[in-house]
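> Below is one structure. I have some questions about it.
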Amino acid sequence: MLPHTYILFFCLLTSLSPLIRATLNLTLPHQHPNPEAVVQEVQRLTHLSSPKSNNRRLNESISRRQMLSTGSPSSSCLTGNPIDDCWKCDPNWANNRQNLANCAIGFGSHAVGGMGGQFYVVTDSSDHDAANPTPGTLRHAVIQTDPLWIVFSSNMLITLKHELIVNSYKTIDGRGAHVRITGGGCITLQYISNVIIHNIEVTHCVSSGNTNVRSSPTHVGWRGKSDGDGISIFNSRDLWIDHCSLSHCADGLIDAIMGSTGITISNSYFSHHDEVMLLGHDDKYLPDSGMQVTIAFNHFGEKLVQRMPRCRRGYIHVVNNDFTEWQMYAIGGSANPTINSQGNRYTAPVDPNAKEVTKRVDTDEGQWSDWNWRTDGDIMVNGAFFVPSGQGLSAQYSKASSVEPKSAALVSQLTINSGVFGQAR
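Numbered per mature numbering (1 follows the signal peptide of the UniProt record, and there is no 0), the sequence shown spans residues -22 to -1, 1 to 403.
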């Protein structure tokens, strides 16, 4: 027999109204219980990758990812970027491609992609039939149900007819080739988990749809009109987007909505776009309170306007990025998101009315004064300024991180290889 207290508690729960029961489950099942611990781990790994770190720390960093089977790299290969140093310090990385999955940091660090699966070599850049993709094409690769590590036989321009729906446990690894994805869609991550997208250019994506698109070997479904995002993330988790170049899309370059969490966006280059990145579906959509995203070592470059990112709810860690251009604002939000900005460089535009890094969207100060927006070690250039709020104004908040973020003075070094490797800018 159940104890009386358990019986009473069960009766209380079942008697609550649906609305009250919903408020008891505002967070997502895969949300990290302690986001500050993730922040501290990012900072720790960044310090371990310092060229000045000693061998003990270097060995600790490498062994954590189990990257190298013998020996350890010399400190001369280290750049201070813990992601790049993790795999590029292996001279045989091309033969050890799947070790990349051990190199993510932040909230998306559990994304394994296609690790442990077979390699799939894309040999055909065509996209003739979204409902019946041809073997050898990228579309045929990403819809498979088994884990796959997808690579490319040569440089490719892939012009999509419709959105590319990616299944779980996939890595799209563009290293060794220049792969450009454009056209309809473009990349859709919907109701899936464990995807890594690495070294891919995504550009000039337009709206498409109102047609049948295959999402698995056994399912073809009708798709309505897409927004034309570069990468659209919908109710998905454990995702890592690294070393991508994104520009010129119809809607957002990266949008993550509807209960998505466990995401890292790193080492990427964003340019030539208005609404760059949206995190969160709607102010009233409570499950996005569990959204957790790390934005690290990216370069927000030329001809950008706003939303780097624009956040609704959730916890967003923005660390060691280079913001060199915006026209309206860099970081915006509504519905009480937590913004933790550390070690970034913000360079304001010439416009005297656009110097502020931050923007509380359609919200009065009386409402946002308690939101936790923090700046820690950021460098402000050309009159840029960040307006903190909530615990971001208190010394007690800064004690939450036991390791200081990497100095913003090193941002140029940390982001020098952002975007697709070898791409001219």
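All residues carry an ideal CB built from backbone N, CA and C; glycine is no exception. Since the model is a prediction, treat every value here as computed from it, not as a measurement.
Assuming the contact rule is C-beta atoms closer than 8 angstroms, Gly114 and Asp102 should be a hit. Round their C-beta distance to whole Å, please.
Your numbering for residue 114 matches position 136 in the sequence shown. Your numbering for residue 102 matches position 124 in the sequence shown. So it is a contact: roughly 4 angstroms between Cβ atoms.
> Which of helix, strand or coil does DSSP assign to Ile170?
Here residue 170 refers to the residue found at position 192 of the sequence shown. Coil at Ile170, not helix or strand.
> Within its chain, find whatever has a CB closer than 7 angstroms to the CB of Arg291; leave out the 5 residues flanking it on each side and keep chain order.
Looking up residue 291 in the sequence shown gives position 313. Only Gly258, Asp266, Ser267, Met269, Ala313, Asn314 and Pro315 meet the Cβ criterion.
> Could you check what DSSP says for Cys67 in three-state terms: helix, strand or coil?
The count along the sequence shown starts at 1 and reaches residue 67 at position 89. Looking at Cys67 - three-state DSSP - the assignment turns out to be coil, as it is neither helix nor strand.
> Going straight from the alpha carbon of Glu343 to that of Thr336, what length do you get?
By one-based count along the sequence shown, residue 343 stands at place 365. By one-based count along the sequence shown, residue 336 stands at place 358. Spanning the two alpha carbons is a distance of roughly 13 angstroms.
> Give me the residue from Tyr293, Cys164 and Leu6 with the minimum Cα distance to Lys139.
Locating residue 139 in the sequence shown gives position 161, where the first residue counts as 1. Nearest option by C-alpha distance: Cys164.
> Helix, strand or coil: how does DSSP classify Leu78 here?
Numbered from its first residue, the sequence shown carries residue 78 at position 100. Leu78: helix per DSSP, three-state reduction.
> CB-CB under 6 angstroms to Pro287, same chain, minus the five flanking residues each way: which ones, in chain order?
Counted from its first residue, the sequence shown places residue 287 at position 309. Counting only Cβ-Cβ distances below 6 angstroms, and skipping sequence neighbours, we find Met255 and Leu257.
> Rounded to the nearest angstrom, what separates Ser39 and Asp63 at their Cα positions?
Your numbering for residue 39 matches position 61 in the sequence shown. Your numbering for residue 63 matches position 85 in the sequence shown. With a pLDDT of only 40 at Ser39, under the threshold of 50, the placement of this residue in the model should not be trusted; the figure read from the coordinates follows. So the alpha carbons of these two residues sit roughly 10 angstroms apart.
> Do Trp349 and Pro327 have their beta-carbon atoms positioned less than 8 angstroms apart in this structure?
As a position in the sequence shown, residue 327 is number 349, starting the count at 1. As a position in the sequence shown, residue 349 is number 371, starting the count at 1. For Pro327 and Trp349, no; Cβs fall outside 8 angstroms.
> Does DSSP put Asp62 in a helix, in a strand, or in coil?
Position 84 of the sequence shown, counted from the start, is the residue given in the question as residue 62. In the structure shown, Asp62 sits in a helix (DSSP, three-state: H, G or I).
> Spatial neighbours of Ala155 within its chain, please: C-beta separation below 7 angstroms, excluding the five flanking residues on both sides.
Translated into the one-based positions of the sequence shown, residue 155 becomes position 177. Result list for Ala155: Phe130, Ser132, Asn133 and Met134, in chain order.
> Count the other CB atoms within 10 Å of the CB of Ser244; is the residue buried (16 or more) or exposed (fewer)?
For the purposes of this step, residue 244 is taken as residue 266 along the sequence shown, with counting starting at 1. Ser244 comes out buried.
> Going by other Cβ atoms of all chains shown within 10 Å of its Cβ, with 16 needed for buried, is Arg285 buried or exposed?
Numbered from its first residue, the sequence shown carries residue 285 at position 307. Label assigned to Arg285: buried.
> Can you list, in chain order, the residues of its chain with a C-beta nearer than 8 angstroms to that of Thr112? Leave out the 5 residues immediately preceding and following it.
Counted from its first residue, the sequence shown places residue 112 at position 134. The answer, listed in chain order, is Asp102, Ser104, His106 and His118.
> What residues match up with Cys289 in a beta bridge as DSSP calls it?
For the purposes of this step, residue 289 is taken as the residue at position 311 of the sequence shown. Answer by DSSP bridge pairing, in chain order: Leu257 and Gly311.
> Determine which residues share a DSSP beta bridge with Trp127 and list them.
Mapped onto the sequence shown, residue 127 falls at position 149. Beta-bridge pairing links Trp127 to Phe97 and Thr149.
> With Tyr98 and Ile128 assumed to form a contact (beta carbons below 8 angstroms), what rounded beta-carbon distance in angstroms separates them?
Taking the first residue of the sequence shown as 1, we reach residue 98 at position 120. Taking the first residue of the sequence shown as 1, we reach residue 128 at position 150. About 5 angstroms separates the two Cβ atoms, so the contact holds.
> Assuming Ile219 contacts Ser246 (C-beta within less than 8 angstroms), just tell me the rounded distance between them.
Numbered from 1 along the sequence shown, position 241 holds the residue referred to as residue 219. Numbered from 1 along the sequence shown, position 268 holds the residue referred to as residue 246. Going by Cβ atoms, the distance from Ile219 to Ser246 rounds to 6 angstroms, so yes, they are a contact pair.
> Let me check one thing: in DSSP terms, what residues is Gln320 bridge-paired to?
If you number the sequence shown from 1, residue 320 lands on position 342. Bridge partners of Gln320: Val297 and Asp354.
> Classify Trp200: buried if its beta carbon has 16 or more other beta carbons within 10 angstroms, exposed otherwise.
Looking up residue 200 in the sequence shown gives position 222. Label assigned to Trp200: exposed.
> Mapping DSSP to helix, strand and coil, what is Ser267?
In the sequence shown, the residue the question calls residue 267 occupies position 289. Helix at Ser267.
> What first and last residue would you give for the alpha helix (DSSP H) that runs through His118?
In the sequence shown, the residue the question calls residue 118 occupies position 140. That run of the alpha helix (DSSP H) goes Leu116 to Val120.
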